[in-house]
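A.B. asks:
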Amino acid sequence: MKLPAVIRLRSAAAWWLSCAIVLCAGCATAASDGDAGRAIADGTDFSMRPGDRVTLPDRSELRYVDVVTDSRCPPEVRCVWAGDAEVAFTRTVAGAAAQSFSLHTGRGARSEDFGGRRLALVSLARGKGPQAELRLDPAP
């Protein structure tokens, strides 16, 4: 049985509209900053990727900006020097300008003290947009 052209058009239009809504919802979700507002407590290990933002216990915002340099030795290669990766962050306290700082995997500071807390870079994955494993503790 063949459906009339009007019914076929309405069914096709409804199908395309449904697809468009699903695609738009997916794009909106992918474009949003999924970590904005994620609260981090003292004594916590957590992970971030470039562009992620988290809220610290003092209500300041920590943002993982990017990996500035990465001279680490590749995993299957034997190197004389292990190398170093520098990871850039910003910390913003309400009503103040963002403060920039970097943490390192090798040479250089692996931790930063601010607001009575210590942020430490525990590890950094390899590849594009690598995940950083961090730890937040009260400063000694």
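Heads up, the sequence shown is in the numbering used here, so the first residue is 144 and it goes up one at a time.
Yeah, the Cβ is synthetic: ideal placement off N, Cα and C, and Gly gets one too.
Would you give the residue range spanned by the beta strand (DSSP E) that T248 belongs to?
C.D. replies: Note, T248: premise wrong, no beta strand (DSSP E); not H, not E.
A.B. asks: Tell me, please, which residues DSSP counts as bridged to V197.
C.D. replies: When DSSP reads this structure, V197 sits in a beta bridge with R181, L205.
A.B. asks: Quick one: give me the first and last residue of the beta strand (DSSP E) that D256 is part of.
C.D. replies: 254-257
A.B. asks: Would you mind stating whether G251 and E229 have Cβ atoms separated by less than 8 Å?
C.D. replies: yes
A.B. asks: By Cβ distance below 8 Å, which residues in the same chain neighbour Q111 in space, the five residues on each side in sequence not counted?
C.D. replies: Outside the modelled stretch of the chain, which goes from 144 to 283, sits residue 111, for which no answer is possible.
A.B. asks: Using the C-alpha atoms, what's the distance from G249 back to G186?
C.D. replies: 23 Å
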